[in-house]
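Before any comments, here is the structure.
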Amino acid sequence: MVFAAIDIGSNAIRLLFCRVTTLDGKAHYSKEELIRMPVRLGEDVFLHGKISEVKADKLVTSLKGFGELIKAYGVESFKAIATSAMRDATNGNEIIERIKNETGLIVEIIDGKREASLVFSNHIEQILNPKYAYLYIDVGGGSTELTLYYDSRVIAARSFNIGTVRMLLEKVDKNEWEEMKAWVKKNTYGIHPLFGIGSGGNINKIFKMSGKKETKHLSYDKLKGLYEMISSYTYQERIERLDLKPDRADVILPAAKIFLSVMKNAGIEKVFVPQIGLSDGLVHEMYEKMLAKKLAK
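Each residue of the sequence shown is one higher than the one before, counting from -3 in this note's numbering.
This is the structure we're talking about:
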């Protein structure tokens, strides 16, 4: 069976089609299609506090297309969520109502806590070594979600208004940076070894650029080296020489900076990149809810 998930982020909106099959009683998730539209809602919201008519039109048009694709696919179930930019927009609820009226899609605006819980709907704990502690670092356009996982449970989680688009627009409060650093140091103090788990389109892209195939992690030094390499190119050169999309070529550097800051303050030497995120978490959640309903009958 196929599920669809829509993630309306601050930089881009994404539609994921994921097939779920069961083998020996265990669910297996396979990404079939991922469609991404660089709407960049955060550009309006973080500068002016609201989503402009131009961006709203682009968002609605994109979602109309997504809706038609979902119908054509004939999915088992689908869900749409919106994160940082939409929840910060003064006209966020108006836009949600417009989306419902013009596309038929119901969008849920979620907070940072819900974002973190969706990430853990991916059941990443199943691929982790229970002897170690992990700090999940999810970097988006408008916010960064940090979740500390230890002894088979979440022991601390926090969302910070530090995101790649906010940084580009110089709309990140210095106090927020200090608060994040202090939170990381306080909550990871004395925990060793501690590993990172990276989530988001930028860390996935950086991982691909590293050329690593055998291992699913990046060391702090490797990530720093890639950051310095990318920094040596102009924005245009990143597009032409590094083959980055225009809306990736500018946000990739602030994303790397966030990861490096968190890793440094937490004393993390390696960050694993399982290439899963909010959309994947939505699919897991939908499948498990469907399964629970069937078992309850």
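Where is the CB? At the ideal position from N, CA and C, for every residue including glycine.
Within the stretch 206 to 248, the beta strand (DSSP E) runs of at least 3 residues that lie entirely inside it are, in chain order, 213 to 215. Counting along the chain, no alpha helix (DSSP H) covers residue 145; the unbroken beta strand (DSSP E) around it starts and ends at 140 to 146. Counting C-beta pairs closer than 8 Å gives three or more between the stretch 0 to 7 and the stretch 70 to 78, which meets the contact rule. Relative to the Cα of residue 6, the nearest Cα in the group 77, 293, 249 belongs to 77. With fewer than 16 neighbouring CB atoms inside 10 Å of its own CB, residue 171 falls in the exposed class. CA-to-CA, the gap between residue 92 and residue 101 works out to about 9 Å.
By the CB criterion at 7 Å, residue 45 and residue 86 fall inside the cutoff.
The Cβ neighbour count for residue 164, taken over all protein chains shown within 10 Å, is at least 16; the residue is labelled buried. Under the three-state reduction of DSSP output, residue 44 falls in the helix class.
Counting along the chain, residue 105 sits inside the beta strand (DSSP E) bounded by residues 103 to 105. In the assembly as shown, residue 82 is a buried residue. Its beta-carbon has 16 or more other beta-carbons within 10 Å. Residue burial is scored here from C-beta neighbours: residue 108 has at least 16 other C-beta atoms within 10 angstroms and is therefore classed as buried. Under the DSSP definition of a beta bridge, residue 191 partners with 130.
Contact check for residue 192 against residue 247 fails: the beta carbons are separated by 7 Å or more. In terms of Cβ geometry, residue 139 and residue 80 form a close pair [threshold 7 Å]. Cα atoms of residue 187 and residue 129: separation of roughly 7 Å, rounded to the nearest angstrom. Cβ contact annotation for residue 66 (same chain, cutoff 6 Å, sequence separation greater than five): 0, 74, in chain order. Secondary structure at residue 168: coil, using DSSP grouped into helix, strand and coil. In the structure shown, residue 58 falls within a helical segment according to DSSP collapsed to helix, strand and coil. If you compare the alpha carbons of 148, 177, 152 with that of residue 127, the shortest gap goes to 148. The beta carbons of residue 4 and residue 33 sit no closer together than 7 Å.
In this structure residue 198 is buried. Its beta-carbon is surrounded by 16 or more other beta-carbon atoms within 10 angstroms. Exclusion of the five residues before and after residue 215 leaves 265, 266 as the residues of its chain whose Cβ lies within less than 7 Å of its Cβ. Per the DSSP secondary-structure output, residue 77 pairs in a beta bridge with 3, 104. In the three-state DSSP reduction, residue 27 falls in the strand class (E or B). Residue 35 is classed as buried because its beta carbon has at least 16 other beta carbons within 10 Å across all chains shown.
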